[in-house]
Amino acid sequence: MHLLLIGWTIVIHYYWAVLKTFGKAFSSFKILNQLKAAAKYGWKSRWVESKHKSDYGQWKLSAGNFYGDAEADKGIQTSQDAHFYALSALFEPFSNEGKPLVIQFTVKHEQKIDCGGGYVKLFPDDLDQSDMHGDSQYYIMFGPDICGYSTKKVHVIINYKGQNHLIKKDIKCKDDELTHLYTLIVNPDQTYEVKIDNEKVESGSFGDDWDMLPLKKIKDPEAKKPSDWDDRAEIDDPSDTKPEVYRKSEEFPLEGEWKPKQIDNPDYKGTWVHPEIDNPEYTHDATMYKFNNIGVLGLDLWQVKSGTIFDNFLITDDVKEAEEFGKETWGKTKGPEKKMKNEQEDMERKLREEEEKEKNKEDTEGDDEDDKEDGEEEEGEDDEEPDDDAGIEEDNNGKPKDEL
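Residue numbers (the numbering used here): -1 to 402.
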């Protein structure tokens, strides 16, 4: 697993092939040494497992049961059912002030996940990685979360002044078994965009889609609905009177209680709208998007059924670069991955059909054998049937003797 820096771009990836792709952009000897160290000691040299709990689930390096490229698709995979997981990677801290912030990674739920997280968290650089846990304060939490049929969403949680704020929109995540690319873009103008598989699925602004700031406008506490305000659209027709002969409702319940006809209310003023005033507690904050000392990427989640593979982590200030990186990684292997999965499913289907055919054949042969045995038993019974004259004595002339 490697740490790649381009400007303040950060790529955490697994293979030296990434260095070949982006190597010409490197000028820091220090970063090259980090890459060489990561290549030498493997992915565990880049990631720290939390010791906050003794029973965290274990991770392994795997491309899974189907993939587009056996090496390039290797990622870190959850390996134990019904466990919490806590893993993080440290990098050179930076601030996204005045620049876009892009968080991107791939997730593959090849285990047909029933309940579990597939999101990442972005932490400040002072996080105690060895003690990272569910209550550790983070900047952003982003990615898919699935639990049963009711929860299949993409989380976008922003920490503002120590409080975590959930996005108010419902963003659907992918729930199949293939690898998918998730991208979050946070812009300096306080707008955002969520992409799945390099396609925009949601966008908006911090002010509209999170409750981080008080409302700009509030209802005027001094204003009250006038006592003579008539908001009845219709009223009883004063000229309509109850007929002299009207069957009582208790005797004829289907006819019901008599009610006068309705007419338009001539004094109708419409629905009264409570006047609003500027909220004295509201103050615009142009820095809601900004995070200082971003320095740790973490995986802090729970899974009932393990097997999720995370890969192609990217943090950058270049939206175009993130798109291209997605095409160069996920984009090149998604087709072959799906093909391999389809081939496996076809093979499994054929095996099931062969097994079913063999089972039916055995059942048929068993039925034939049973029929044969039943037939032999019937023939044996016919051979043993007694003679009608059996037990009658005959005289010397062959004639039956009279009974005594």
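Built from N, CA and C at the ideal position, the CB exists for glycine as well.
Keep in mind it's a predicted model, so treat the numbers as computed, not measured.
Hey, out of the options, whose CA is closest to residue i's CA?
i: E312; options: T306, K303, G305, L295; result: Correcting the residue type first, residue 312 is Leu in the shown sequence and not Glu. Minimum Cα distance to L312 is reached at L295.
i: H272; options: D218, E200, K318, K325; result: D218
i: V302; options: N94, K49, L85, I111; result: I111
i: A221; options: T269, P212, I275; result: I275
i: D309; options: G40, S60, S48, K51; result: S60
i: T76; options: G55, G96, F92; result: G55
i: K318; options: K42, Q102, K58; result: Q102
i: K267; options: K58, R230, P142; result: R230
i: E279; options: L213, D344, W227; result: L213
i: K172; options: D143, E354, Q161; result: D143
i: E403; options: S52, G132, T181; result: Outside the displayed span of the chain (-1 to 402) sits residue 403, for which this structure offers no information.
i: K193; options: K166, D228, A320; result: A320
i: I169; options: E326, H50, S48, G141; result: G141
i: T149; options: S134, G116, Q161; result: G116
i: W300; options: G40, S43, D53; result: D53
i: T239; options: E232, W256, D228, W227; result: W256
i: Q188; options: E354, N94, K198, E352; result: N94
i: T285; options: T306, K159, T269; result: K159
i: Q161; options: S134, V152, K151; result: S134
i: W270; options: W227, S304, D234; result: W227
i: I165; options: D195, N196, E200; result: E200
i: N196; options: D235, I216, G324; result: G324
i: S304; options: S48, E242, A80, W41; result: A80
Rounded to whole angstroms, how far is the Cβ of residue i from the Cβ of residue j, which I believe are closer than 8 Å?
i: T177; j: K288; result: 32 Å between Cβ atoms; not a contact.
i: S86; j: M130; result: 5 Å
i: L99; j: D315; result: 7 Å
i: P224; j: G96; result: That belief does not hold up - the Cβ atoms of P224 and G96 are roughly 51 Å apart, past 8 Å.
i: G146; j: C113; result: 6 Å
i: Q78; j: T306; result: Not quite, the Cβ-Cβ distance comes to about 12 Å (not below 8 Å), so this is no contact.
i: N277; j: K215; result: 6 Å
Who pairs with residue i in a beta bridge, going by DSSP?
i: E200; result: V192
i: I292; result: F92, P122
i: S237; result: Paired residues: none, contrary to the question.
i: Q260; result: D234
i: N162; result: N157
i: E274; result: K217
i: S86; result: V46, G296
i: K170; result: K151
i: Y139; result: Note on identity: in this sequence residue 139 is Met, with Tyr being the wrong assignment. M139 is bridged to K119, I155.
i: V100; result: I183, T314
i: I74; result: L59, F308
i: Q342; result: For Q342, which the question treats as bridged, DSSP gives no partner whatsoever.
i: K106; result: T177, I307
i: I144; result: G114, K150
i: Q301; result: H81, G114
Go through its chain and collect everything with a Cβ distance to residue i's Cβ below 7 Å, but skip five positions before and after it.
i: N31; result: Low confidence applies to N31: its pLDDT is 42, below 50, so where it sits in the model is not reliable, and the reading given next is rough at best. Counting only Cβ-Cβ distances below 7 Å, and skipping sequence neighbours, we find nothing.
i: P91; result: D123, N291, I292, G293
i: G132; result: D298
i: E232; result: Q260, I261, D262, N263
i: H153; result: Y117, M139, F140, G141, D143
i: F27; result: For F27, the predicted structure reports a pLDDT of 34, less than 50, and the residue's modelled location is therefore unreliable. A value from the coordinates is still provided. The answer is none, since no qualifying residue turns up.
With a CB to CB cut of under 8 Å and the five nearest residues on each side skipped, what residues in its chain are close to residue i?
i: H163; result: I155, I156, N157, W208, D209, M210
i: L402; result: Because L402 carries a pLDDT of 33, less than 50, the predicted location of this residue cannot be relied on, and the following value inherits that uncertainty. Counting only Cβ-Cβ distances below 8 Å, and skipping sequence neighbours, we find nothing.
i: K51; result: F82, A84, H131
i: A35; result: Here the model assigns A35 a pLDDT of 45, short of 50, so the residue's position is not dependable, and the following value carries that caveat. Taken in chain order, the residues that qualify are S43.
Kindly list the residues whose CB is nearer than 6 Å to the CB of residue i, restricted to its own chain and excluding five residues on each side of it in sequence; keep chain order.
i: K119; result: Y136, M139, G296, D298
i: V184; result: L99, Y190, Y287
i: Y65; result: D71, E335
i: V46; result: S86, Q127
i: I74; result: W57, F308
i: M345; result: none
i: T104; result: T177, L179, D309, N310, W328
i: T362; result: none
Report whether the distance from the Cβ of residue i to the nearest heavy atom of the ligand ATP is below 8 Å.
i: D344; result: As for the ligand ATP, it is missing from this structure, which has no ligand bound.
I'd like to know whether the C-beta of residue i is nearer than 9 Å to at least one C-beta of chain D.
i: D174; result: The structure shown has no chain D; it contains just one protein chain.
Whether or not the segment 333 to 344 and the segment 175 to 190 are in contact is what I'm after, with contact meaning three or more pairs of Cβ atoms, one per stretch, closer than 8 Å; do they touch? Verdict: yes, contact present.
Is the number of C-beta pairs between the segment 191 to 211 and the segment 260 to 269 that are closer than 8 Å three or more? Here the segment 191 to 211 does not lie against the segment 260 to 269, with fewer than 3 beta-carbon pairs under 8 Å apart.
Pairs of beta-carbons, one from the segment 50 to 70 and one from the segment 326 to 335, closer than 8 Å: are there three or more? The segment 50 to 70 is in contact with the segment 326 to 335.
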